[in-house]
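Okay, so here's the structure we're looking at.
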Amino acid sequence: MEHYGLQTAAGHLTVAAESKEPYADDVLAQLHDDAEQVVARYPQKRSALLPLLHLVQSVDGYVTGRGIDFCAEVLDLTTAEVSGVATFYTQYKRHPNGEFTVGVCTNTLCAIMGGDQIWDEVSEHLGIGHDETTADGKITLERVECNAACDYAPVVMANWEFFDNQTPDSTKQLVDDLRAGKDVAPTRGAAKVCSFKQVSRVLAGFHDGLADEGVGAGPSSLRGLELAKDRNWTAPNGKHAAKADGDAGTAGLAPGRSSSTDTPSNDADEQAGSKPAEGK
Ligand code: FES
23 MEHYGLQTAA GHLTVAAESK EPYADDVLAQ LHDDAEQVVA RYPQKRSALL PLLHLVQSVD
83 GYVTGRGIDF CAEVLDLTTA EVSGVATFYT QYKRHPNGEF TVGVCTNTLC AIMGGDQIWD
143 EVSEHLGIGH DETTADGKIT LERVECNAAC DYAPVVMANW EFFDNQTPDS TKQLVDDLRA
203 GKDVAPTRGA AKVCSFKQVS RVLAGFHDGL ADEGVGAGPS SLRGLELAKD RNWTAPNGKH
263 AAKADGDAGT AGLAPGRSSS TDTPSNDADE QAGSKPAEGK
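Residue numbers for the sequence shown follow my numbering, so the first one is 23 and each next one is one higher.
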């Protein structure tokens, strides 16, 4: 049995045995084929690091030592550079992850709408804390700092699918259903929650055909748009349109400040195939 989040007495996570074992030949060949497709999408191959780390997770279930070696070799990076990225973003897991990552939002809005209570009860129900995994390897529980769905607070995510307007009981039912192997439908999005490895492959850029399933924006997200239409509100002109009509769009702004509808136009600092400038 795998050790999910096994920790030493000092609290440091131990490295799972397979983390450094070489990939089987067929697995490695498939990884190289997939990586080639991902790298081809970017002007510079180092830009493919984020999707490649997801690709590693789609195979290993987390970012293994051998996965870091693979990314470094394919992208001509050092393992330190790859590790630096893999340990920065919380979507990358550095120890075996459960089949479902369940993220309870405990950021301000969700917290006051019941997120803290959900967290307390689900954590106790599962007997695990933040970034820990149930012994059956099914659920990894996380505190999340805003699921970007505040209009449905309190929000829980399972493998980044939305479960809106949750309660402690509905979330306990959710994790029980996931552990029991039932198909679970999120409030919005695809018809069922896929496994962590499946979702990781999608995040690596290999579509599963489910992107257009289900509801995208729900009623709460569209409410402002409906009000604006009812009342004939329109957005102020942006910078470029403002130039054409006498700068009306930026009237009243301090010099050098953009209006909220201006999009800064950054000039590309690198051209396809070029090397980054020194010091960047
Ligand atoms: S505060 Fe919970 S989704 Fe934003």
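Built from N, CA and C at the ideal position, the CB exists for glycine as well.
Cβ-based burial, residue i [other Cβ within 10 Å; buried from 16]
i	result
Thr130	exposed
His76	buried
Thr256	exposed
Gln188	buried
Asp289	Model confidence at Asp289 stands at a pLDDT of 49, short of 50, so the residue's coordinates are unreliable; what they give is reported in the following sentence. It counts as exposed.
Gly89	buried
Asp267	In this predicted model, Asp267 has a pLDDT of only 47, less than 50, meaning its place in the structure is not dependable; the value taken from the coordinates is given anyway. Exposed.
Gly137	buried
Tyr114	buried
Glu164	buried
Pro208	buried
Thr112	exposed
Asp230	exposed
Ala51	exposed
Asp205	exposed
C-alpha gap between residue i and residue j, whole angstroms
i	j	result
Asp199	Glu235	21 Å
Ala38	His117	7 Å
Ala170	Pro44	38 Å
Asp91	Lys42	9 Å
Ser145	Phe122	15 Å
Arg223	Arg201	22 Å
Ala233	Asn259	32 Å
Ala250	Val237	21 Å
Glu40	Asp252	59 Å
Gly83	Glu183	18 Å
Ala46	Val78	14 Å
Arg279	Gly246	Only weak support is given to the placement of Arg279: the predicted model assigns it a pLDDT of 47, under 50, and the value that follows is read from those uncertain coordinates. Taking the straight line from one Cα to the other gives about 26 Å.
Val49	Ala133	43 Å
Met309	His54	Since the displayed the chain opens at 23 and closes at 302, residue 309 lies outside it and no answer follows.
Ile324	Gly159	The first residue shown for the chain is 23 and the last is 302, placing residue 324 beyond what the model contains.
Gln195	Gly106	37 Å
Beta-carbon proximity of residue i to residue j, cut-off 7 Å
i	j	result
Ser243	Asp173	yes
Val61	Cys127	no
Thr108	Met135	For the sequence presented, residue 108 should be read as Ala rather than Thr. Taking 7 Å as the Cβ cut-off, Ala108 and Met135 do not qualify as a contacting pair.
Val124	Val197	yes
Phe218	Asn181	yes
Thr193	Ile140	yes
Glu248	Pro190	no
Gly120	Thr162	yes
Ala226	Ser80	yes
Short CB-CB distance (under 7 Å) between residue i and chain B
i	result
Ala108	Note that chain B does not occur in the displayed structure, where there is just one protein chain.
Touching by the beta-carbon criterion (3+ pairs, under 8 Å), the region 211-221 and the region 142-156:
Contact fails: fewer than three Cβ-Cβ distances are below 8 Å.
Would you check if there are 3 or more beta carbon pairs closer than 8 Å linking the region 54-71 to the region 88-101?
Proximity of the region 54-71 to the region 88-101 meets the contact definition, three or more beta-carbon pairs being nearer than 8 Å.
Chain-ordered residues, beta carbon under 7 Å from a heavy atom of the ligand FES
The filter returns Cys127, Asn129, Thr130, Leu131, Cys132, Gly137, Cys168, Asn169, Ala170, Ala171, Cys172, Ala175, Pro176 and Val177, in chain order.
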